[in-house]
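Here the structure comes first, spelled out in structure tokens, and everything after it is commentary.
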Amino acid sequence: MREFLRELIRIVSQFFDFAIEFTGGRGVHLWFFLETPCEALEIYEFGKIFINYISDKIPSEFSVEFFPKQSSAEKLGNLVKLPLGVHKKYDNRSFFLSKELEPVSSPFDYLRSVKKVSKEDIYSAKIKILFEISERIDSLTHKEEREEKDELGEPRKRRILVSDPLWTEADFERPKIKKIFEGCEVLNFIKEKVIRTGSISHDEALVLQHSLGYFPEGVLAVNYILSLVKDEIPENFKLKSTLSGNPISCEKIRKRVPHIIPRVRCDCKFPKKFGYPTPILHSRGVKDENFFSSDIYGLMAKFITMHNTSSLLEKQKEKVARKIAEELKGTGKKKMSYDIFDFSLDESGNLVVSLRDGQNIYHFDFQNQKKRQDNVEQESKKEL
Numbered sequence: 053m054r055e056f057l058r059e060l061i062r063i064v065s066q067f068f069d070f071a072i073e074f075t076g077g078r079g080v081h082l083w084f085f086l087e088t089p090c091e092a093l094e095i096y097e098f099g100k101i102f103i104n105y106i107s108d109k110i111p112s113e114f115s116v117e118f119f120p121k122q123s124s125a126e127k128l129g130n131l132v133k134l135p136l137g138v139h140k141k142y143d144n145r146s147f148f149l150s151k152e153l154e155p156v157s158s159p160f161d162y163l164r165s166v167k168k169v170s171k172e173d174i175y176s177a178k179i180k181i182l183f184e185i186s187e188r189i190d191s192l193t194h195k196e197e198r199e200e201k202d203e204l205g206e207p208r209k210r211r212i213l214v215s216d217p218l219w220t221e222a223d224f225e226r227p228k229i230k231k232i233f234e235g236c237e238v239l240n241f242i243k244e245k246v247i248r249t250g251s252i253s254h255d256e257a258l259v260l261q262h263s264l265g266y267f268p269e270g271v272l273a274v275n276y277i278l279s280l281v282k283d284e285i286p287e288n289f290k291l292k293s294t295l296s297g298n299p300i301s302c303e304k305i306r307k308r309v310p311h312i313i314p315r316v317r318c319d320c321k322f323p324k325k326f327g328y329p330t331p332i333l334h335s336r337g338v339k340d341e342n343f344f345s346s347d348i349y350g351l352m353a354k355f356i357t358m359h360n361t362s363s364l365l366e367k368q369k370e371k372v373a374r375k376i377a378e379e380l381k382g383t384g385k386k387k388m389s390y391d392i393f394d395f396s397l398d399e400s401g402n403l404v405v406s407l408r409d410g411q412n413i414y415h416f417d418f419q420n421q422k423k424r425q426d427n428v429e430q431e432s433k434k435e436l
């Protein structure tokens, strides 16, 4: 346990300062102290990303939980015992540990020495973690491209999953983006419509793009909203970087989405010194958040990589499946022309390819050298 705990402390220390508590039972708690109150949703979303980030480093005999375990609760929600109490089951008092895992003699001095975590620290950690996860995906993708011929028919031994993009629902509370959506009822109407119905028109998408696509947060917000659309949308709707030129004017917005204008207030007035009216002016005076400024182009590239990886892997999967289908044409008593039906790993990690030739579906289990046939119409099954 000490070896795993040292590794966990090393990882977490890259992002935050924290207090380490031995619970008096069989566990250890790492405590983070917030500089100012935060919405539970913000911390909950970060927790999901963090657990995903360390999941491959957790030995099978241990489990790691992150609190809060929910974004909201009607009553008290999940509870955690405060430090320095006595564990009821083991009758041991909890105590704090140093980062060298030695007992701390002055607990209150120790607590006062722990640096508090700011909102900026949380956002910065989220960016760093997702950046590293996307690097892993890049590495995995490039390796598969290089070794594709050597791995035909072989199940992938390890998959890296990304649970969250760089933007979440909680990020609409960021000062700049919040000001814009609060100020422009047209943009807010489009956002709420997508959340409620999962649909967006071509002109509504253009209004979003050309209102928000001129600064980094806006790019992420647009892509997040478009990701909620149920129907397939053109690939060029998603922004790959900040736009050049000037944002769309309020007048052009009214011409693009005349069906929305009667349903909202659209008569904002801005001082003439700021130029023509445009929704982005609602955020004037709000500073850009500094964690985007260090390497925005690199972050944008990683953002696109993360969004494109799933479709890239699907294409690679289909390519491999087609190759297998070609090889299987000559199996059995007669040659058949197969169409791909499914291609997956079963619970044991065995490769199972399902192909269809008209009325029948054939399931090939390569590990156990089995082939099963399903009749599509009669749903009868038999081992071949």
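Just so we're aligned, residue 53 is where the sequence shown starts under our numbering, counting upward by one.
Just so it is clear, CB atoms sit at the ideal spot from N, CA and C, and this is done for glycine as well.
- Membership of V80 in the beta strand (DSSP E) is indicated by the continuous run 80-83.
- In the three-state DSSP reduction, F118 falls in the coil class, being neither helix nor strand.
- Counting only unbroken stretches of 4 or more residues, the alpha helix (DSSP H) elements lying wholly within the segment 226-291 are 227-235, 237-249, 254-264, 268-279, in sequence order.
- For P135, the closest of R58, K228, P286, W83 by C-alpha to C-alpha distance is W83.
- I229 counts as buried, since at least 16 other C-beta atoms from the protein chains shown sit within 10 angstroms of its C-beta.
- Taken through DSSP and simplified to helix, strand or coil, P323 comes out as coil.
- Taken atom to atom, the span from the alpha-carbon of F289 to that of C318 is near 25 Å.
- Following the DSSP letters along the chain, one finds L93 in no beta strand (DSSP E) but inside the alpha helix (DSSP H) bounded by residues 92-106.
- When the beta-carbon positions are compared, P286 and T330 stay at least 7 Å from each other.
- Secondary structure at A125: coil, using DSSP grouped into helix, strand and coil.
- In the DSSP annotation of this structure, I313 is not part of any beta strand (DSSP E), being labelled neither H nor E.
- In this structure, I242 lies away from H334, with their beta-carbon atoms at least 7 Å apart.
- Following the DSSP letters along the chain, one finds L149 in no alpha helix (DSSP H) but inside the beta strand (DSSP E) bounded by residues 147-149.
- Note that the C-beta distance between F56 and P111 is below 7 Å.
- When E152, R164, H139, Y96 are compared, the shortest CA-CA separation from E59 is found for E152.
- By the neighbour-count definition (other C-beta atoms within 10 Å, threshold 16), S263 is a buried residue.
- Here the C-alpha atom of A125 lies approximately 11 Å from the C-alpha atom of L131.
- In the DSSP secondary-structure assignment, L86 is bridged to V169.
- Proximity of the segment 142-157 to the segment 94-114 falls short of the contact definition, fewer than three beta-carbon pairs being nearer than 8 Å.
- If you check the CB distance, L291 and G327 do not come in under 7 Å.
- For V169, same chain residues with a beta-carbon under 7 Å away, outside a window of 5 residues either side, are F68, F84, F85, L86, E87 in chain order.
- Inclusion of G79 and H139 in the CB contact set at 7 Å is not warranted, their separation being larger than that value.
- A check of alpha carbon separations from E184 across T220, I63, R308, K321 identifies I63 as the nearest.
- Looking at the DSSP output, F74 bridges to V80, F147.
- Between L272 and V246, the C-beta gap is not smaller than 7 Å, which leaves the two residues out of contact.
- Of the candidates T294, D173, I252, K321, K321 places its Cα closest to the Cα of C302.
- Around K324, the same chain offers no residue with a beta carbon nearer than 8 Å, after the five sequence neighbours per side are excluded.
- According to the DSSP assignment, E55 belongs to the alpha helix (DSSP H) that extends over 54-64.
- Within the same chain, V80, S146, F147, L149 come within 7 Å of F74 by CB-CB distance, once the 5 residues on both sides are set aside.
- Between I305 and V259, the C-beta spacing is below 7 Å.
- One thing to note: F118 has its Cβ within 7 Å of the Cβ of I103.
- Under DSSP, P155 forms a beta bridge with L149.
- Taking C-alpha positions only, P155 is separated from A177 by approximately 28 Å.
- Counting only residues of its own chain and dropping the five nearest sequence neighbours on each side, K109 has no CB closer than 6 Å to any other CB.
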